[in-house]
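Peer 1:
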Amino acid sequence: MNNFSRKISVNKKRSKIVKNLVLFICIVFVVKLHAQTNNTIPVPTNLEQGYPRLYVTESGKKDLKKTIKKEGWATDVLAGIHNRIDEHVERHVNDPEWIVSRLQMYWKTKSTNVYVNGINYSHADGEAPVPTVRFVGSRDYTSNYGVPKLGDILPYMDDPRGLYLPNRSKEGNPFEWAEISKTGRAIYTINDNIISLSRDAAFLYWLENDKRFAKFSYDVFHTYMEGMSYRSEPIDLMNGHIQTLVGFTNFQVIHEGTLKNIAELYDFLHQYIEENHPEDIAMYDKTIKRWTDQIIKNGVPQNNWNLHQAKTILKAAMVLQDDKNYEDKKGREYYINYILNVTSARQWSLNKFMDFGYDKETGVWAECPGYSQGVTKDLTTFINDFDNTFDHNILPYTPTINKAVKMLPQYLFPNGQIVAFGDTTYGPIYTEAISNMIRIAQKNGDKELEEEFTGMYRLFEDTSEKTKSKRKPKANISSFFAAKPLELNKKYKTADIKDYITQTFYAPNVSWHVQRMGSGKNGMMASLNASLGNHMHANGINLELYGKGFVQGADPGKGAGYLQPIYLEFYSQFPAHNTVMVDGVSSYTEMFSNHAFDLMAEYPKSEKKEGYYKNITFSDVYFLEPETRSDQNRIVSTIKSGETTGYYIDIFRSKKQRKGDKFHDYFYHNLGQSMQVMDALGKPLDLTPSEEMAFAGGYLYAFDYQWDKKSIKSDKDYQAQWKIDRPEGQEDVFMNLWMKGTEGREIFSLKSPPNKAFKKHNLPYDVSNAPYLTLTARQYGEAWEHPFVSVYEPFTSTEGKSIKSIESFEDEKNNKEFVGLHITSKSEREDFIFSSKNQYKANYKGMVSDASYALVGEEKNGDVILFMGKGNILKAKGYTISTSTLGNVVLEVKNGQVFLHNEVPVVITQNNIEKKFSAGDFRVINLK
26 MNNFSRKISV NKKRSKIVKN LVLFICIVFV VKLHAQTNNT IPVPTNLEQG YPRLYVTESG
86 KKDLKKTIKK EGWATDVLAG IHNRIDEHVE RHVNDPEWIV SRLQMYWKTK STNVYVNGIN
146 YSHADGEAPV PTVRFVGSRD YTSNYGVPKL GDILPYMDDP RGLYLPNRSK EGNPFEWAEI
206 SKTGRAIYTI NDNIISLSRD AAFLYWLEND KRFAKFSYDV FHTYMEGMSY RSEPIDLMNG
266 HIQTLVGFTN FQVIHEGTLK NIAELYDFLH QYIEENHPED IAMYDKTIKR WTDQIIKNGV
326 PQNNWNLHQA KTILKAAMVL QDDKNYEDKK GREYYINYIL NVTSARQWSL NKFMDFGYDK
386 ETGVWAECPG YSQGVTKDLT TFINDFDNTF DHNILPYTPT INKAVKMLPQ YLFPNGQIVA
446 FGDTTYGPIY TEAISNMIRI AQKNGDKELE EEFTGMYRLF EDTSEKTKSK RKPKANISSF
506 FAAKPLELNK KYKTADIKDY ITQTFYAPNV SWHVQRMGSG KNGMMASLNA SLGNHMHANG
566 INLELYGKGF VQGADPGKGA GYLQPIYLEF YSQFPAHNTV MVDGVSSYTE MFSNHAFDLM
626 AEYPKSEKKE GYYKNITFSD VYFLEPETRS DQNRIVSTIK SGETTGYYID IFRSKKQRKG
686 DKFHDYFYHN LGQSMQVMDA LGKPLDLTPS EEMAFAGGYL YAFDYQWDKK SIKSDKDYQA
746 QWKIDRPEGQ EDVFMNLWMK GTEGREIFSL KSPPNKAFKK HNLPYDVSNA PYLTLTARQY
806 GEAWEHPFVS VYEPFTSTEG KSIKSIESFE DEKNNKEFVG LHITSKSERE DFIFSSKNQY
866 KANYKGMVSD ASYALVGEEK NGDVILFMGK GNILKAKGYT ISTSTLGNVV LEVKNGQVFL
926 HNEVPVVITQ NNIEKKFSAG DFRVINLK
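Take 26 as the starting number for the sequence shown in our numbering and just add one per residue.
#1: Counting along the chain, where does the beta strand (DSSP E) carrying G578 start and finish?
#2: Determine, using beta-carbon pairs with one atom in the stretch 202 to 212 and one in the stretch 152 to 170, whether at least three such pairs fall under 8 angstroms.
#3: So, using beta-carbon positions, are F643 and G894 closer together than 7 angstroms?
#4: Would you mind sorting D353 into buried or exposed? The rule is 16 or more other CB atoms within 10 Å of its CB.
#5: Under 8 angstroms Cβ to Cβ from E652, same chain only, skipping five residues before and after it: list those, please.
#6: Taking the alpha-carbon of F411 as reference, which of I890, H786, L72 has the nearest alpha-carbon?
#7: Along the chain, where does the beta strand (DSSP E) that runs through F485 open and close?
#8: Opposite D348 in the DSSP bridges: which residues?
#9: Under 8 angstroms, with one C-beta from each stretch per pair, do the stretch 252 to 271 and the stretch 323 to 332 reach the 3-pair mark?
#10: Tell me, please, which residues DSSP counts as bridged to K940.
#11: If the criterion is Cβ atoms closer than 7 angstroms, does the pair M700 and L798 meet it?
#12: For V278 and Q334, what's the separation of their Cα atoms in angstroms?
#13: For R116, collect the residues of the same chain with a Cβ closer than 7 angstroms to its Cβ; drop the 5 residues on either side in sequence, then sort them by chain order.
#14: Can you say whether S909 is buried or exposed, counting buried as having 16 or more other CB atoms within 10 angstroms of its CB?
#15: Can you give me the start and stop residues for the alpha helix (DSSP H) that S397 sits inside?
#16: In this structure, how does DSSP classify V118 when only helix, strand and coil are distinguished?
#17: Provide the residue span of the alpha helix (DSSP H) that contains N695, from first to last.
#18: With burial defined as no fewer than 16 other Cβ atoms inside 10 Å of the residue's Cβ, what is the status of S223: buried or exposed?
#19: If you check the beta carbons only, do L284 and N216 fall under 7 angstroms apart?
#20: Cα separation between R256 and G565?
#21: Helix, strand or coil, according to DSSP, for W98 in the structure here?
#22: Which stretch, first to last residue, makes up the alpha helix (DSSP H) that contains M718?
#23: Can you check whether the CB of A795 is closer than 7 angstroms to the CB of P779?
#24: In chain order, which continuous runs of the beta strand (DSSP E) of length 3 or greater are located wholly inside the stretch 879 to 908?
#25: On the criterion of 16 or more Cβ atoms from any shown chain inside 10 Å, does I522 qualify as buried, or is it exposed?
#26: From the DSSP output, which residues share a beta bridge with K665?
#27: Sort K940, A944, G945 by Cα distance to K953 and report the nearest one.
#28: Buried or exposed for L570, please, with buried defined as at least 16 other CB atoms from any protein chain shown within 10 angstroms of its CB.
#29: Just list the beta strand (DSSP E) runs in the stretch 499 to 557, keeping only unbroken ones of 3 residues or longer that don't cross its boundaries, in chain order.
#30: Does the distance from the CB of Q442 to the CB of V576 come in under 7 angstroms?
#31: Around the Cβ of D22, are there at least 16 other Cβ atoms within 10 angstroms (buried) or fewer (exposed)?
#32: Can you tell me whether W132 is helix, strand or coil according to DSSP?
#33: Alpha carbons only, please: which of T274, T82, L79 is nearest the one belonging to M130?
#34: Three-state secondary structure (DSSP) at S777?
#35: So, are the CB atoms of S715 and K741 less than 7 angstroms apart?
#36: Taking only three categories from DSSP, how would you classify M606?
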């Protein structure tokens, strides 16, 4: 072979190797891409055939017994279960009717058909050959009637007078007959308690082979399941929304928790039933399937319900046989595939559920923060449990989860509490979602994923999950099978919190925008939200405000159950929030709401981590208030004026599109035991009792929940100050609010119902039972040319206020929509605030701005800061900033250097010399 032929041969071999390598890479890429883009999640095939199978298999009994014998905690758990159940089992040997007769059944009427009137029970009819299971009393669980101890329940209670229960609203809690619709959840709770005891007995039978426990468990189980087999779907006589929610035991399929207990009971008792009552297995399975089908048929697919329904469906499915063993082919595989891949009207597939609820860009779930992080926690738990149960990792098929977990710290205020708009309470983020990701990574050998989330987890190790892991295990079956304490790889170090928390963050799918600076006591943060997504309130443009270690301008929480008048009429409405209400009637649908604001401008850009000026944030949002068709615009800025000092600017404009404005009310609620309302010099204002803010006159009911109303009319500047009075030895914390006076202004002090959003806190008073002290500014007529202009400064008794004076100024050309403020700090820093509408060019003492928001600041040493937000021109301190495109520009002169951050191309003029700069991050520039 000549050299030329050899070269051809070698090149062919090389070409073949390259082709094979490319083909291999493509195959790997396609496999990975398929896992991330294909909507079908494979159903596990290697399913356990024996019983039990939910928590443990028969082969695991020996190891469990060893654990109980060896580990003190496990011995204690078993003893606790015995302490709870033994007396009932022993009694059952000689009195088998005692426990069974306490079940809430239609003992005499044997009704098959249940009827409800909306959220309340109505009646039942039809007749089965055996007693059937009773339906719960009301969707509203708030009731004067309590759940009695088992021994106090009347046996075989089925009486036209209703239920014989203790009345907790009367002294001594006397027993009396109560109409079923007034008993809340009592029926369900009694039955679930008895089923839970029977489940425990089934477990002890399986573990210890004591047939007394099997007999106890079986007698309850059979009575209940045979009765359930004859029950039909409840019928809503009003033919309303409830018809799409009801289950067999509850008004909401999401609360069919008894089915999970039934599944666990059946799982441990199955061997006994096979040996002693095999003829009933078909009936039990059919009943479980009917019950499960009802959960699939009803419910709400677009929020957290879908996931909770899926968890119940999965547990029920796990105790069924394989598809092939049923004539309708609906067994384990059918139901597992259903929750993973099938979408029906009210039960969506896992991926459709996630596609609908999660914003793929931000990872935010479309509910209020408490429910949002709960869904992320539950989803990661579901994925982890699914993997452990079936040895089947479905995480690659749910790519949004990674981002959803990583965004959780964005909810945090500088003191480590999450924002609490909507039906949320203040507290730490749930770390379980992060630890679940670590567990999934460890099980599947994904080192990169493990390192990433270990670093994140270390940032929050001292929060709730670590505390929970130190608690003594509860005397529950699940305690034996709970996940082992998380073991972190020591090689993986703590991540940087800045990777997870940014100065601004915007989540459009819940209409939420946050501005923050720093952490801890001296951090600053303002959170704005409207009403988009689930578990939201009718609150317009709502503000939460942080200061000196506390979320001082806090959201009030839900206050009470969702069906209670005070929730519907106050806590979910405008006057309970830090917002502006129009004509006393602003309102719209709470809970699942569709009223978002538009983010018109922000600085810095959402999720930007570097390359911006760190001492100013700015947001400009627009909201269409639907009830009165009003335009509302809120501009909020945080300004860091010193190492430990700073203040907030809040400019709220509001007007009706069709004119005829009666009044606009600016509400602000702040924590504290006291509130003073003063003039600009600090002298208390002479407020007098007023009945102006009331339902009378055709306004919201919410007004009548507020009391001790006092007011004064004034066109002068004024201020209010709240004090959190802390114990001796600790500094007191304050919030000072200065507001610009204007013609047509009335100032109210009033007391609102308590803030219910703090479950655990370090506040020095009983915040959940104390009045929530509120300032309201009422502007008669429009509030666009007479807007609400506020400066908030949090401070402590140790440091005192940093602001020396605040004055307003007008545009020299008398533009009515302009707002100007001159703020002087005790450090001799001077800030001039400009806010124009419609790019109107305002002038004041040689300074010019057409920006939506601008700040001109100068320190005592001559350092200068010029900030232009959503503008074209800002002229001050010898510099002119001009752009052809509306945008944000920051120019800082410090220590003789000039720094620039311009999000749009800009021309900077100094001493008649112009220099053009392309858009760029914060950097040093040369103007010479």
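Just so it is clear, CB atoms sit at the ideal spot from N, CA and C, and this is done for glycine as well.
Peer 2: The structure says:
#1: In the sequence shown, counting from the first residue as 1, residue 578 sits at position 553. Where G578 is concerned, the enclosing beta strand (DSSP E) stretches over 575 to 578.
#2: yes
#3: Here residue 643 corresponds to residue number 618 of the sequence shown, with the count starting at 1. Here residue 894 corresponds to residue number 869 of the sequence shown, with the count starting at 1. Going by C-beta atoms, F643 is nearer than 7 angstroms to G894.
#4: Indexing the sequence shown from 1 puts residue 353 at position 328. Classification for D353: exposed.
#5: As a first step, residue 652 must be located in the sequence shown, where it is residue number 627. Taken in chain order, the residues that qualify are V607, V610, S611, S612, Y613.
#6: By 1-based counting over the sequence shown, the position of residue 411 is 386. Comparing Cα-Cα distances from F411 to each of I890, H786, L72, the minimum goes to L72.
#7: Here the question's residue 485 lines up with position 460 in the sequence shown. Careful: F485 lies outside any beta strand (DSSP E) and carries neither H nor E.
#8: Looking up residue 348 in the sequence shown gives position 323. D348 pairs with nothing; no bridge assigned.
#9: yes
#10: Along the sequence shown, one-based indexing puts residue 940 at 915. Partner(s): I933.
#11: The residue given as residue 700 occupies position 675 in the sequence shown. The residue given as residue 798 occupies position 773 in the sequence shown. Yes.
#12: On the sequence shown, position 253 is the one that residue 278 refers to. On the sequence shown, position 309 is the one that residue 334 refers to. If I take the Cα positions, the gap works out to 7 angstroms.
#13: The residue labelled residue 116 in the question sits at position 91 within the sequence shown. These residues qualify, in order along the chain: W123.
#14: On the sequence shown, position 884 is the one that residue 909 refers to. Exposed, because fewer than 16 other Cβ atoms sit within 10 Å of the Cβ of S909.
#15: Within the sequence shown, numbered from 1, the residue matching residue 397 stands at position 372. 394 to 415 is the span of the alpha helix (DSSP H), which, as asked, contains S397.
#16: If you number the sequence shown from 1, residue 118 lands on position 93. Helix, per DSSP.
#17: Position 670 of the sequence shown, counted from the first residue, corresponds to residue 695. Unbroken run through N695: none, as it is neither H nor E.
#18: Taking the sequence shown and counting its residues from 1, one reaches residue 223 at position 198. Flag for S223 reads buried.
#19: Indexing the sequence shown from 1 puts residue 284 at position 259. Indexing the sequence shown from 1 puts residue 216 at position 191. Taking 7 angstroms as the Cβ cut-off, L284 and N216 do not qualify as a contacting pair.
#20: Residue 256 sits at position 231 when you count from the first residue of the sequence shown. Residue 565 sits at position 540 when you count from the first residue of the sequence shown. For R256 and G565, the distance between alpha carbons rounds to 45 angstroms.
#21: What you label residue 98 is simply residue 73 of the sequence shown in a count that begins at 1. Helix at W98.
#22: Here residue 718 refers to the residue found at position 693 of the sequence shown. Counting along the chain, M718 falls outside any alpha helix (DSSP H), and DSSP gives it neither H nor E.
#23: Position 754 of the sequence shown, counting from 1, holds the residue named residue 779. Position 770 of the sequence shown, counting from 1, holds the residue named residue 795. Going by C-beta atoms, P779 is nearer than 7 angstroms to A795.
#24: 889 to 901
#25: Translated into the one-based positions of the sequence shown, residue 522 becomes position 497. With fewer than 16 Cβ atoms within 10 Å of its Cβ, I522 is classed as exposed.
#26: By one-based count along the sequence shown, residue 665 stands at place 640. Looking at the DSSP assignment, K665 forms a beta bridge with G671.
#27: In the sequence shown, counting from the first residue as 1, residue 953 sits at position 928. Minimum Cα distance to K953 is reached at K940.
#28: Within the sequence shown, numbered from 1, the residue matching residue 570 stands at position 545. The residue is buried, with at least 16 neighbouring Cβ atoms inside 10 Å.
#29: 529 to 532, 537 to 542, 549 to 554
#30: Here the question's residue 442 lines up with position 417 in the sequence shown. Here the question's residue 576 lines up with position 551 in the sequence shown. Contact flag set, yes.
#31: The displayed coordinates of the chain run from 26 to 953. Any statement about residue 22 would go beyond what the structure contains.
#32: Here residue 132 refers to the residue found at position 107 when the sequence shown is read from its first residue. The answer is coil: DSSP assigns W132 none of H, G, I, E or B.
#33: On the sequence shown, residue 130 is found 105 positions in, with the first residue counted as 1. Minimum Cα distance to M130 is reached at T274.
#34: Position 752 of the sequence shown holds residue 777. It is a strand residue.
#35: Looking up residue 715 in the sequence shown gives position 690. Looking up residue 741 in the sequence shown gives position 716. No.
#36: Here residue 606 refers to the residue found at position 581 when the sequence shown is read from its first residue. Correct three-state label for M606: strand.
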